[in-house]
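Take a look at the structure set out below.
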Ligand SMILES: [Fe+2]
Ligand SMILES: [Fe+2]
C-alpha cells in the first residue's frame, strides 16, 4: 500500500469499533421516527427543482408550477427505488462478505450492522413510494438482471466497494443538500436526514475497504476488470436514477422527455456535481483507468 493510501485507512478493527459505537448511539427507526401520516404541504417540492432532469429545458418551461411539483414527487420516488434496488444487492454482498470472516471480529459485526441499516432504509424507501400511491419505478429489466451479475461478480475484488460508494455518494450529495432545503416537503427532508446520518458510516466503511481491496489486488487483468466493471456499474446507476416513466405523471411523452433530459446541460451539471466527491476518490485510489474514465465521462460523472 502506498503512503498516500495508507493515510486513508485506520486499523480495520479500530474503524469497526468506531462505526459500531456510532451505530449504537445514532440510528433511526423510520417506523417510529417518521410521521407517515403527515399531510403533503401544498406547493412544496419533493426534490430540489434545479436538480431535476428537465430543469431549464423547453419542456420544463411549458409545465405549470403544480406539474413541476408533481414531477418532483415522481423523480424522488424513482431515485429512492433505485436506492432500494442497490441496497438489496448490497445486503447480499455484505452477507457474503461476512460469511468469509471471523464473526468475533468487530469488522464482521459492523458489516452485519450495516445490513440492518440498509434493511430499514429499504423499508423506508418502499413506504415512501407507498405514501404517494405506490408506483414502482423499478429499474429497466436488463439493469435488474445485470444487478444480479454485479452482486455475484463484484465481491471478487474492489468493484464491490467502488460500485457501492458510487451508489451511496451520489444519493448522499442530493440528500445532504435537500435535508436543509426549506422549499422541500418535510417528509423528503426527514427521510434524507435519516439516510445521510446512517450512510456516513457506510461511506467510511466502504472507502477503507476499497483501499484495502485495491492493495490486495495485484494481478493486472483483475485490476483492469474491476476498474471497468465499477465504471459500468456507476453508469447504469446514473442512467437509472430517474425512470423515463416519471414523465407520464405530468402528461409528457416518455421518450421525448428522456431524450431532453439526457441532453440537458443543467442535468449534466447536476450529475457532475453528484460525482464531485466520489470520482476524485476513485482516481486517488487507482480505480480509474482510461476506459473507466471514458465511461464516467460518457454519463457526465466527470
Ligand atoms: Fe441506505
Ligand atoms: Fe448504505
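In this note's numbering, the protein residues as written are 5 to 306. Cβ atoms here follow ideal geometry from the backbone N, Cα and C, with glycine treated the same way.
Query, Result
"Short check: CB of residue 289 to CB of residue 169, under 7 Å?", "no"
"If you reduce the DSSP assignment to three classes, tell me which class residue 169 lands in.", "helix"
"Is the beta carbon of residue 122 closer than 7 Å to that of residue 94?", "yes"
"CA-CA distance, residue 175 and residue 150?", "20 Å"
"Out of curiosity, what's the CA-to-CA distance linking residue 108 and residue 117?", "13 Å"
"Cβ-heavy atom distance between residue 213 and ligand 4 below 6 Å?", "Absence of ligand 4 from the depicted structure is noted, with ligand 1 and ligand 2 being the only ligands included."
"Pick helix, strand or coil for residue 49, following the three-state DSSP scheme.", "strand"
"Please list, in chain order, all residues of the same chain as residue 4 whose beta carbon is under 8 Å from its beta carbon, the five residues on each side excluded.", "In this structure the chain extends from 5 to 306, so residue 4 is not present and cannot be described."
"If you reduce the DSSP assignment to three classes, tell me which class residue 188 lands in.", "strand"
"For residue 187, does the count of other Cβ atoms within 10 angstroms reach 16, so buried, or fall short, so exposed?", "exposed"
"Within a Cβ cutoff of 7 Å, which residues of the same chain sit near residue 23, ignoring the five residues on either side of it in sequence?", "114, 205, 208 and 209"
"Could you check if residue 125 is buried or exposed, using at least 16 other CB atoms within 10 Å of its CB as the buried criterion?", "buried"
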